[in-house]
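Data block below; observations after.
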Amino acid sequence: MAEQKQVKANSPQSMPLNMPLWLTGFGIPLVQLVLAFGLASLLVLSIGQNPLHVLDVLVRGAFNLDTGLPSTLYNATSLIFTGLAVVVAFHAGLFNIGGEGQAYFAGLGVTLACLALGSFLPAPLMFVVAIIAALVFGGLYGFIPGVLQAKRGAHVVVTTIMLNYIVFAFMNYAMRFWLSKSEGSTDSDNFAVNSVLPRLADMMPFLGFSDTPLNFSFFLALATAALVWWLIWRSRLGYEIRVVGQNPQAAGYAGISVSRITIIAMVISGALAGLMAVNVVYGAQGRLSLSFTSGVGFMGIAVALMGRNHPVGVVLSALLFGALAQGGSEMQFDLPEISPEFNVVIQGLIIFFVAALDGLVRKPIEGWYQKIRGGA
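In my numbering, the protein residues as written are 47 to 422.
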């Protein structure tokens with residue numbers, strides 16, 4: 047009897063199978079996405095609208111070559127940065143919920159650099175300085191919760207949330223007394239002309255884009271995604287980050303300093319979130335606005351979850367959420383009878399199926415795949 051049980055336990059049907067990347071990285075998220083849009087379609091039907099017409103308006107608004115596609119890519123650029131920030135922290139076993147504050151603080155760094163040096167430095171050098179300022183200020187604001195976690199055991203979720211509120215208050219003070227000559231203004235003084243990134247509509251007129259905020263930062267985001275992929279899966283530091291994230295005790299036995307990796311991962315995560323300021327503050331607005339983050343730091347968490355904490359997945363997920371944001375804004379003009387909050391509902395449903403109901407979707411698909419492979 048014991049031998050029969052042992053044979054059954056080791057049968058192909060009971061042995062866990064390694065799921066292929068196409069299924070875990072694309073198949074399952076696609077099913078979750080279809081379910082989210084399916085439920086959203088039922089909501090559209092409940093208010094007497096045609097879901098196919100709403101989807102058509104959403105897609106055309108997000109991907110028309112005039113203003114839709116460049117605006118989608120602009121939205122996606124910021125989401126790529128904040129999504130990558132969450133990915134690096136996650137692989138170290140950390141949940142960085144402070145991307146909003148880190149990007150906010152980086153915006154201050156970019157603004158100080160542009161106001162101080164923008165009139166003197168040539169545009170290419172100013173671009174490099176702005177990137178360095180964003181990395182340093184964002185990394186510094188990631189360093190604080192990293193040290194508190196590594197040295198004092200203060201959980202990064204708690205400390206990053208608290209630091210978000212601190213930087214929000216500090217930025218209000220800085221705007222009032224340092225960054226703006228106009229009393230009560232919510233915007234800083236404008237940067238010098240060479241302290242603003244060229245827009246793709248000017249750089250590549252053959253694309254047919256209108257004058258949208260899409261700028262050179264989009265290529266910076268793609269390069270950063272490639273660099274993060276190399277860091278996590280091809281570098282020694284990335285290996286140590288993954289080991290600490292999967293088993294801190296084993297990492298300690300292997301001679302890896304868990305506290306050092308915790309601090310480094312949070313610094314990198316904060317620096318990546320800070321690059322969002324290059325896109326918005328330096329690339330699009332040409333000044334610092336108190337509302338420039340617009341919740342993108344928090345949305346980066348959803349982007350990372352949807353992208354399965356992989357840089358390629360983050361890019362694709364950022365494009366999806368960027369398209370939803372742009373398509374939703376266009377839908378307000380073409381379909382005024384649909385509430386502007388409907389776009390938020392769709393995003394919430396996607397997050398709901400990807401995060402809260404991940405097991406409910408994943409387990410049946412894994413069981414189906416295991417049954418097919420076991421019977422092969």
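For each residue, glycine too, the CB sits at the ideal point set by N, CA and C.
Extent of the continuous alpha helix (DSSP H) to which residue i belongs
i: Asp102; result: 97-109
i: Tyr299; result: 294-299
i: Pro170; result: 169-198
i: Trp275; result: 263-280
i: Asp248; result: 246-249
i: Val400; result: It is not in any alpha helix (DSSP H) - Val400 carries neither H nor E in the DSSP assignment.
i: Ile126; result: 114-137
i: Ala483; result: The shown model of the chain, from 47 to 422, leaves out residue 483, and the question about it has no answer.
i: Phe83; result: 74-92
i: Ile207; result: 202-220
Of the residues the options, the one placed nearest residue i, counting alpha carbons only
i: Phe255; options: Asn96, Leu119, Trp68, Gly94; result: Leu119
i: Val174; options: Ala159, Ser165, Gly184; result: Ala159
i: Ala269; options: Gln78, Leu194, Phe127; result: Phe127
i: Ser124; options: Ala330, Ile307, Lys409; result: Ala330
i: Val407; options: Pro170, Glu376, Val80; result: Val80
i: Tyr211; options: Glu146, Leu366, Asp380, His137; result: Glu146
i: Leu85; options: Gly164, Gly394, Gly405; result: Gly394
i: Gly359; options: Leu171, Leu76, Ile302; result: Leu76
i: Phe109; options: Gly320, Ser375, Ile418; result: Ser375
i: Ser165; options: Thr232, Ile307, Ser305, Ser241; result: Ser241
i: Gly155; options: Tyr299, Leu334, Pro170; result: Leu334
i: Leu34; options: Arg288, Phe379, Thr113, His201; result: There is simply no residue 34 to check, as the chain begins at 47 and stops at 422 in what is shown.
i: Leu403; options: Ile384, Leu351, Gln372, Lys417; result: Leu351
i: Ala82; options: Tyr415, Lys409, Ala401; result: Ala401
i: Ala220; options: Gly139, Ser263, Leu336, Val304; result: Leu336
Residue i classed as buried or exposed, judged by whether at least 16 other C-beta atoms fall within 10 angstroms
i: Asn218; result: exposed
i: Ala55; result: Because Ala55 carries a pLDDT of 39, less than 50, the predicted location of this residue cannot be relied on, and the following value inherits that uncertainty. It is exposed - the Cβ of Ala55 has fewer than 16 other Cβ atoms within 10 Å.
i: Met250; result: exposed
i: Phe399; result: buried
i: Leu67; result: exposed
i: His137; result: buried
i: Gly405; result: exposed
i: Val90; result: buried
i: Phe223; result: exposed
i: Gln295; result: exposed
i: Ala300; result: exposed
i: Pro170; result: exposed
i: Gly427; result: Look at the range of the chain in this structure, 47 to 422, and you will see that residue 427 is not part of it.
8 angstroms Cβ cutoff met for residue i and residue j
i: Leu246; j: Leu253; result: yes
i: Gly20; j: Val313; result: One cannot answer for residue 20 here, as it falls past the ends of the chain, which runs 47 to 422.
i: Asn142; j: Ala152; result: no
i: Ile309; j: Val290; result: no
i: Val132; j: Ile347; result: yes
i: Ala176; j: Val324; result: yes
i: Ile74; j: Ile411; result: yes
i: Gly230; j: Pro191; result: no
i: Gly320; j: Ala196; result: no
i: Ser363; j: Gly129; result: yes
i: Ser117; j: Thr205; result: no
i: Met377; j: Val105; result: no
Cutoff 8 angstroms: residue i Cβ touching any chain C Cβ
i: Ser337; result: The displayed structure is made up of one protein chain only, and chain C is not part of it.
### Task
Could you tell me which uninterrupted alpha helix (DSSP H) segments, each at least 4 residues in length, are contained entirely in the segment 297-369, listed from first to last along the chain?
304-320, 342-352
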